[in-house]
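Going left to right, the sequence shown walks through residues -24 to -1, 1 to 551 as mature numbering (1 follows the signal peptide of the UniProt record, and there is no 0) numbers them. Data first, discussion second: the structure below is written as structure tokens.
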Amino acid sequence: MARSWSLVVPFGLLAFLLAYVGEAAVVEHTFNVGNLSISQLCQTAMIITAVNGQLPGPTIEACEGDTVVVHLVNESPYDMTIHWHGIFQRGTPWADGPAMVTQCPVKPGGNYTYRFNVTDQEGTLWWHAHISLLRATVYGALVIRPRGGAEAYPFPKPHGEETVLLGEWWNANVEDLDRMAFLTGNPPRNADAYTINGKPGDFYNCSNGNQTYRFQVQRNATYLLRIINAALNTLMFFKVANHSFTVVGADAAYTTPYETDVVVIAPGQTVDALMVAGAAVGRYYMAASPYDSAIPQGPPFSMTTGTAVVEYVGSAGEETPQLPSRPEYNDTDTAFRFFSNLTALVLPGKPTVPLSVDTHMFVTVGLGNSDCQPAQLLCNTSGTRLPIFSSSMNNASFVLPNSVSMLQAHYANASAGVYTRDFPDQPPVIFDYTADASDTATSRYTTMSTKVRTLRYNETVEIVLQNTRLIAKESHPMHLHGFNFFVIAQGFGNYDQATATPQFNLVNPQERNTVAVPTGGWAVIRFVANNPGMWFMHCHFDAHLNLGLGMVFEVQDGPTAETSVPPPPFDLPQC
């Protein structure tokens, strides 16, 4: 059934929009996480984990300044947490959601209420499970509109809006894949399909009518597409045949309007783009295809295209849709052009890039090897600790604690045995990070640890994120919880301060919560540590996160109760 982008505003939606100009509201939801029987790609129906029996899960709609309350009821057989991706969580660090960082998981049969404000944020964010690989099916959109409604957008008011969630689908139980990956020390296999709003589309071995999402548009109307990459491990090229876009936002931060016929989007990122339905009346494919950034070669990936159909009012509804040309899978030039050309729309009263820096960090991000651990039974069959896949930041491969969350340990001033405060500001060994000759067994080797970097409240931090050639160069989408940061420069090869500093954009750099570090290259980011708590920074490829590509910033309390970590809520789950 077609989803209509109608020019007629229903009464209920009109009332909802009018509410935006009133007082801040409480937006309340109940998320029942449980089993859902579903058949995709003509496979026998299988059981997945989903919220409220939906794939994707429900969209949370709020306006700036509202309070969001979500009651999580875990009716699934698995431990569960929900992360509100991109929400600052100022004053509510216990609601951030990553398992064992800010909370213990909600056990099967348990529940937990997440409460947080959406203050000083407007645009498209999203929510997802933050444990195991369960976010493959436990995810949804989180839309924050301006207090003044669509009239307050800093771009022409669109006639309609649509959320476009890009995802990945496995014909398998992802919890089983995650368990096998741990036991063997090898990453899980690639997805079987790419999806748009939970449906794979028309270009798989078995596709039928109910496997393709459909949008209906009026000719010459303008639509705001809220595009979210919810895929676990794949950057995406996004196109609509015979249409182009004007990007106006990314990661819930407004951008200078940027014209393009392709959107490139990494896992964890969002893009807000205006699309004018200016083509001839007909039907057109919306396409999501993979960007494989690995050099010389990465893991296998699905060389397929997920599709939906944009259908004009007045079309016959039966003609074959036109398919857009798609970039080559390894089209790094197109990816870099998109990522590097976005700039911020600087608005009065909004944060701007800090011009002075208190702490400089240089952090390598990449793959490697570490020792098979005793509990990894399928890589430890000989009794010897054979090398297994790993990943690290500054050669520290991150391991979550298992007895108490890091935020609980921080709040109780009881970090001993939970984490250490020795994450380094520089890699332990300086080498030619992107050279093929550096890919040696010695350089690849890393050890596992739970290291954090402690920051003073309001400290300004600059980080150079440097990709390495170890095993393979690859574009890593690095996500920081609790903050936005400014991407002031990015490029290829080894970072060189002398040549990079003149490139720094200190006027209108893009503001993000997730940056795709260029493959075999670097990105420079800055942020102000004005949010006390324990904040995860990690690769948003779940395969890499589970291999250790992460670390945590411990931000100390400020001078007041309002700038300090509050006591934990009464229903905080216990380990």
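Virtual Cβ for every residue (Gly too), placed ideally from N, Cα, C. Keep in mind that this is a model prediction, so the values were computed, not measured.
### Task
Just the C-alpha distance for L(-7) and G290, rounded to the nearest angstrom, thanks.
Mapped onto the sequence shown, residue -7 falls at position 18. Mapped onto the sequence shown, residue 290 falls at position 314. Confidence at L(-7) is low in this model, with a pLDDT of 45, below 50, so the placement of that residue should be treated as unreliable; the coordinate-derived value is given next. In a straight line, the C-alpha of L(-7) is about 31 Å away from that of G290.
#### Entry: Residue-level contact to chain C via CB, F517, 9 Å cutoff
Protein chains in the displayed structure number just one, and chain C is not present.
#### Entry: Runs of alpha helix (DSSP H) wholly within the stretch 142 to 228 (minimum 4 residues, chain order)
150 to 160
### Query
Between P404 and the rest of its own chain, which residues show a CB-CB distance below 6 Å, the 5 nearest in sequence each way excluded?
On the sequence shown, residue 404 is found 428 positions in, with the first residue counted as 1. Within the same chain, P404 has close Cβ partners N371.
### Message
Tell me which residues share the same chain as A26 and place their Cβ nearer than 6 Å to its Cβ, disregarding the 5 neighbours each side in the sequence.
### Response
Sequence index remark: in the sequence shown, residue 26 carries index 50 (1-based). Counting only Cβ-Cβ distances below 6 Å, and skipping sequence neighbours, we find L12, T113.
### Task
Taking only the alpha-carbon atoms, compute the straight-line gap between W511 and I439 and give it to the nearest angstrom.
Locating residue 511 in the sequence shown gives position 535, where the first residue counts as 1. Locating residue 439 in the sequence shown gives position 463, where the first residue counts as 1. About 15 Å.
### Query
With which residues is G10 paired in a DSSP beta bridge?
The residue labelled residue 10 in the question sits at position 34 within the sequence shown. Answer by DSSP bridge pairing, in chain order: A26.
### Query
What are the start and end residues of the alpha helix (DSSP H) that includes L31?
Numbered from 1 along the sequence shown, position 55 holds the residue referred to as residue 31. Premise fails: L31 is in no alpha helix (DSSP H) and is neither H nor E.
### Query
Distance, Cα to Cα, V119 vs T296?
Within the sequence shown, the letter at position 143 stands for residue 119. Within the sequence shown, the letter at position 320 stands for residue 296. Cα to Cα, V119 sits roughly 33 Å from T296.
### Query
Cβ of T436 within 9 Å of Cβ of T410?
For the purposes of this step, residue 436 is identified with residue 460 of the sequence shown, where counting begins at 1. For the purposes of this step, residue 410 is identified with residue 434 of the sequence shown, where counting begins at 1. No, the pair does not count as a contact, with Cβ atoms beyond the cut-off.
### Task
Return the CA-CA distance between L351 and P453, expressed in angstroms with no decimal places.
As a working mapping, residue 351 is identified with position 375 in the sequence shown. As a working mapping, residue 453 is identified with position 477 in the sequence shown. The sequence given here places Ala at residue 351; Leu does not occur at that position. Cα to Cα, the separation comes out at about 29 Å.
#### Entry: Nearest to L523 (by Cα), restricted to the options G125, F221, F365
Working through the sequence shown from its first residue, we reach residue 523 at position 547. When each option's Cα is compared against that of L523, the closest is F365.
### Task
Using the Cα positions of Q65 and D547, report the straight-line distance between them to the nearest angstrom.
As a working note, residue 65 is residue 89 in the sequence shown. As a working note, residue 547 is residue 571 in the sequence shown. Taking the straight line joining both Cα atoms gives about 18 Å.
### Query
Is H520 helix, strand or coil when you go by DSSP?
Walking along the sequence shown from the start, residue 520 turns up at place 544. Helix.
### Task
Could you pull out every residue in the same chain whose Cβ sits closer than 7 Å to the Cβ of N317, ignoring the five residues on either side in sequence?
Position 341 of the sequence shown, counting from 1, holds the residue named residue 317. So the list reads Y234, once near-sequence residues are dropped.
### Query
G526 and E450: beta carbons closer than 9 Å?
Position 550 of the sequence shown holds residue 526. Position 474 of the sequence shown holds residue 450. Contact flag unset, no.
### Task
Return the Cβ separation of F374 and T422 in integer angstroms, given the expectation that the two are a contact with Cβ distance under 8 Å.
Locating residue 374 in the sequence shown gives position 398, where the first residue counts as 1. Locating residue 422 in the sequence shown gives position 446, where the first residue counts as 1. Going by Cβ atoms, the distance from F374 to T422 rounds to 10 Å, so no, they are not a contact pair.
### Message
In whole angstroms, give me the CA-to-CA distance for T308 and L110.
### Response
Start at 1 with the first residue of the sequence shown, and residue 308 comes out as number 332. Start at 1 with the first residue of the sequence shown, and residue 110 comes out as number 134. When rounded, the distance between both Cα atoms is 29 Å.
### Message
Please report the distance separating the alpha-carbon of A226 from that of I204.
### Response
Here residue 226 refers to the residue found at position 250 of the sequence shown. Here residue 204 refers to the residue found at position 228 of the sequence shown. Using only the alpha carbons, I get a separation of about 10 Å.
### Query
Taking the alpha-carbon positions, what's the D154 to C348 distance?
Residue mapping note: residue 154 aligns to position 178 of the sequence shown, counting from 1. Residue mapping note: residue 348 aligns to position 372 of the sequence shown, counting from 1. The straight-line gap from Cα to Cα measures roughly 16 Å.
### Query
In chain order, what residues of the same chain lie with their CB nearer than 6 Å to the CB of M212, ignoring the 5 residues before and after it?
Position 236 of the sequence shown, counted from the first residue, corresponds to residue 212. Within the same chain, M212 has close Cβ partners L142, N205, I241, A264.
### Query
What's the call for M369, buried or exposed, on a 16-neighbour Cβ count within 10 Å?
Taking the first residue of the sequence shown as 1, we reach residue 369 at position 393. Looking at its Cβ environment, which holds 16 or more other Cβ atoms inside 10 Å, M369 is buried.
### Message
Distance check for G344 and I447, CA to CA, integer angstroms please.
### Response
Working through the sequence shown from its first residue, we reach residue 447 at position 471. Working through the sequence shown from its first residue, we reach residue 344 at position 368. Straight-line Cα distance between these residues: approximately 6 Å.
### Message
Under 8 Å: does the beta carbon of M382 sit that close to some heavy atom of the ligand ZN?
### Response
Absence of the ligand ZN is noted for the structure shown, with no ligands found whatsoever.
### Task
Go to residue 552, then tell me how far its beta strand (DSSP E) extends in each direction, as first and last residue.
Outside the displayed span of the chain (-24 to 551) sits residue 552, for which this structure offers no information.
### Query
Just curious, the beta strand (DSSP E) that N443 is in, first and last residue?
As a position in the sequence shown, residue 443 is number 467, starting the count at 1. Run containing N443: 435 to 443, per the beta strand (DSSP E) assignment.
### Task
Go through its chain and collect everything with a Cβ distance to A126's Cβ below 6 Å, but skip five positions before and after it.
Locating residue 126 in the sequence shown gives position 150, counting from the first residue. For A126, where only same-chain residues beyond five positions count, the Cβ hits under 6 Å are K133.
### Query
If we ignore side chains and look at the alpha-carbon of each, how far apart do I172 and Y189 end up?
As a first step, residue 172 is located in the sequence shown; it is residue number 196 there, counting from the start. As a first step, residue 189 is located in the sequence shown; it is residue number 213 there, counting from the start. Taking the straight line from one Cα to the other gives about 7 Å.
### Query
Closest to P84 by CA distance: which of A71, S346, M56 is it?
In the sequence shown, the residue the question calls residue 84 occupies position 108. Of A71, S346, M56, the residue nearest in Cα terms is M56.
### Task
Output the boundary residues of the alpha helix (DSSP H) element that contains S316.
Within the sequence shown, the letter at position 340 stands for residue 316. 308 to 317 is the span of the alpha helix (DSSP H), which, as asked, contains S316.
#### Entry: Residues near A284 by beta carbon distance below 8 Å, same chain, minus five either side
Locating residue 284 in the sequence shown gives position 308, counting from the first residue. Excluding positions up to five away in sequence, the list reads V140, I172, N173, K175, G177, T188, Y189, R190, F191, Y261, M262.
#### Entry: With 16 other Cβ atoms within 10 Å as the buried cut-off, status of T490
Translated into the one-based positions of the sequence shown, residue 490 becomes position 514. Buried, by the Cβ-count rule.
### Contacting residues, own chain, Cβ-Cβ under 8 Å from residue 552 (five flanking each side not counted)
Here the chain comprises residues numbered -24 to 551, so residue 552 is not present and cannot be evaluated.
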